[in-house]
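Undergrad: Right, I'll just put the structure down here and ask away after.
Number of protein chains: 2
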Amino acid sequence: MAELLWERGYAATSPRDVMSRAGVGQGSMYHHFTGKHQLAVEALTAVARDMTAAASPLDGDGSPLERMKRYLALPRPGTLGCRVGRMTQDPQAVTDPELRTVVATAFDTMLDRWEHAITDAVAAGELPADTDPGDLARTLAAVIQGGYVLARARGEQQPMDAAVRGALALLDAARTAARGEH
Amino acid sequence: MAELLWERGYAATSPRDVMSRAGVGQGSMYHHFTGKHQLAVEALTAVARDMTAAASPLDGDGSPLERMKRYLALPRPGTLGCRVGRMTQDPQAVTDPELRTVVATAFDTMLDRWEHAITDAVAAGELPADTDPGDLARTLAAVIQGGYVLARARGEQQPMDAAVRGALALLDAARTAARGEH
DNA sequence: GTCTATACGAGGATAGAC
DNA sequence: GTCTATCCTCGTATAGAC
């Protein structure tokens, strides 16, 4: 289910698809799960756990700004899209309260990590003193999510990488601006 | 069809939905259109035309950086999502060559306008001389597209606005950095 | 041009045998 | 626990009458 959720989204994935990919019969599936909904909630929860775990660079070693740049520069399969962010455009998924909660929580966790790193960077003088950590966190998370959109629109990885490079350049410019402050 | 494409996406919209919203019978619809596919292509093409028309501030009056900021700050209904970018996550839409072309072309047009404005801003000394217009164009387009994703994840407008504010702040920082160059 | 009738497969799930 | 049979609705489209 996790795979199909990534490839096709929630609405476009049928229980039959899941069974056939898992190689099990109907009886088995409906014995262990109540239906498509539960299948999706459990799969997406696991995926979200993985995703937030992958954000470790933000809490790792190095100066705060270095950590932010390292996380931004992580390889991302642009044309495949974000396994969590994807749900955001799926009408049935966004409508479903449980699924939406899983997605929202995952993003909240990510944004929290961003905010911490940004706050540290401001304190270290690596970013301008008047930087709003909450705003910048959302900007950088949006660059990544938007990078997926642009990459999928063209069916190429390049737009994702370009978007990230542009963000890295802006962060560098912000650092030189911060240095001129004192 | 354009409305439903926005609200539910391509896969989740059925010809029946379209007929019922338009208040026409089956015969009428299939008399004027070959089917769901053509309906979507024509609707999305019209929407894309509107969208690129709305990007006029990028070519308008004022200094290049001002124009960029003005366009970024345009009001955007975050929780509704982007009518064009949305298609990007729709498995059936991205798979469809014609629909994907419409989406890709719309983004290419937008990115072109961004690149021109950015190039002008660099020439005017409003952005650092080593700015890559292609990269930054994709970064800023990604902020908007990603802003939609974050807003929909929470079902609130606020993340979109925050992401844009953060981008505006980064552009300002880049301008002060550019001023220190000479 | 527009309507109603019809077709057939897929989606989602239940029933009950083994 | 797993399998097959079965159910009903929806999606997508065609046929043919008015």
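Here the protein sequences line up with chains A and B, keeping their order. Residue numbers are given in UniProt numbering: position 98 of the first sequence equals residue 98, and the series is strictly consecutive. Residue numbers are given in UniProt numbering: position 98 of the second sequence equals residue 98, and the series is strictly consecutive. All C-beta atoms in this analysis are idealised placements derived from N, C-alpha and C, irrespective of residue type, glycine included.
Near B:Thr119, which residues of its chain fall below 6 Å by C-beta distance, leaving aside the five closest residues on each side in sequence?
TA: Answer for B:Thr119: Pro133, listed in chain order.
Undergrad: When you compare only the Cα positions, how much space is there between A:Gly23 and A:Thr101?
TA: Going by the C-alpha atoms only, they are around 30 Å apart.
Undergrad: Fully enclosed by the UniProt domain "HTH tetR-type" (1-51) of chain B, which alpha helix (DSSP H) runs are 4 residues long or longer?
TA: Within the UniProt domain "HTH tetR-type" (1-51) of chain B, the complete alpha helix (DSSP H) runs of at least 4 residues are 2-8, 15-22, 26-32.
Undergrad: Give a yes or no on whether 7 Å exceeds the smallest Cβ distance from A:Gly125 to chain B.
TA: With 7 Å as the cut-off, A:Gly125 does not count as an interface residue toward chain B.
Undergrad: Would you report the Cα separation of B:Thr34 and A:Asp50, rounded to the nearest angstrom?
TA: In a straight line, the C-alpha of B:Thr34 is about 44 Å away from that of A:Asp50.
Undergrad: Taking A:Asp132 as the query, report the chain B residues whose CB atoms sit under 9 Å from its CB, ordered along the chain.
TA: Under the 9 Å cutoff, chain B gives Ala162, Arg165, Gly166, Ala169.
Undergrad: If I measure Cβ to Cβ from A:Arg138 and keep anything under 7 Å in the same chain, skipping five residues before and after, which residues do I get?
TA: Result list for A:Arg138: Leu111, in chain order.
Undergrad: Taking C-beta pairs closer than 9 Å, name the residues in chain A that B:Leu99 reaches, listed in chain order.
TA: Within chain A, no residue comes near B:Leu99; the closest Cβ sits about 11 Å away, beyond 9 Å.
Undergrad: Which residue wins for smallest C-alpha separation from B:Ala151, given the options A:Thr13, A:Gln89, A:Arg16, A:Gly9?
TA: Ranking the options by Cα distance to B:Ala151, first place goes to A:Gln89.
Undergrad: Using a Cβ cut-off of 8 Å, pull out every chain B residue sitting near A:Arg152, in sequence order please.
TA: Within chain B, the residues near A:Arg152 are Thr88, Gln89, Val94.
Undergrad: Could you say if the stretch 72-82 of chain A and the stretch 152-167 of chain A meet the contact criterion of at least three C-beta pairs nearer than 8 Å?
TA: Yes, they touch.
Undergrad: Using a Cβ-Cβ cutoff of 9 Å, what residues of the stretch 71-87 of chain A are near chain B? List them in chain order.
TA: For the stretch 71-87 of chain A, which is checked against every Cβ of chain B, the residues closer than 9 Å are Gly81, Cys82, Val84, Gly85, Arg86, Met87.
Undergrad: So that I know if they touch, is there some Cβ in chain B lying closer than 7 Å to that of A:Ala136?
TA: Going by the sequence as given, residue 136 of chain A is Leu instead of Ala. Chain B contact via Cβ: present.
Undergrad: Identify, in the order they occur along the chain, each residue of the same chain with its Cβ nearer than 7 Å to the Cβ of A:Ala40, setting aside the five sequence neighbours on each side.
TA: Answer for A:Ala40: Met1, Leu5, Tyr10, Leu99, listed in chain order.
Undergrad: Relative to chain B, which residues along the stretch 1-17 of chain A have a C-beta separation below 8 Å, given in chain order?
TA: Flagged, chain order: Glu7, Arg8, Gly9, Ala11, Ala12.
Undergrad: Taking the alpha helix (DSSP H) that B:Gly147 falls in, what are its first and last residues?
TA: Taken as a continuous stretch (DSSP letters only), the alpha helix (DSSP H) holding B:Gly147 covers 133-154.
Undergrad: Determine, using beta carbons only, whether B:Ala153 and B:Pro64 come nearer to each other than 7 Å.
TA: No, the pair does not count as a contact, with Cβ atoms beyond the cut-off.
Undergrad: Any C-beta of chain B sitting closer than 7 Å to the C-beta of A:Thr105?
TA: Closer than 7 Å: no.
Undergrad: By how many angstroms is the C-alpha of A:Ala169 removed from the C-alpha of A:Ala93?
TA: Near 35 Å, if we compare the C-alpha coordinates of A:Ala169 and A:Ala93.
Undergrad: For A:Pro128, go through chain B and note every residue whose CB falls closer than 9 Å to its CB, in chain order.
TA: Ordered by position in chain B, the residues that pass the 9 Å Cβ test against A:Pro128 are Ala169, Asp172, Ala173, Thr176.
Undergrad: May I have the straight-line CA-CA distance separating B:Gly60 from B:Arg70, to the nearest angstrom?
TA: Taking the straight line from one Cα to the other gives about 10 Å.
Undergrad: Among the candidates B:Glu115, B:Leu44, B:Asp96, B:Pro128, whose CA atom is the shortest distance from the CA of B:Ala177?
TA: The candidate whose alpha carbon is nearest that of B:Ala177 is B:Pro128.
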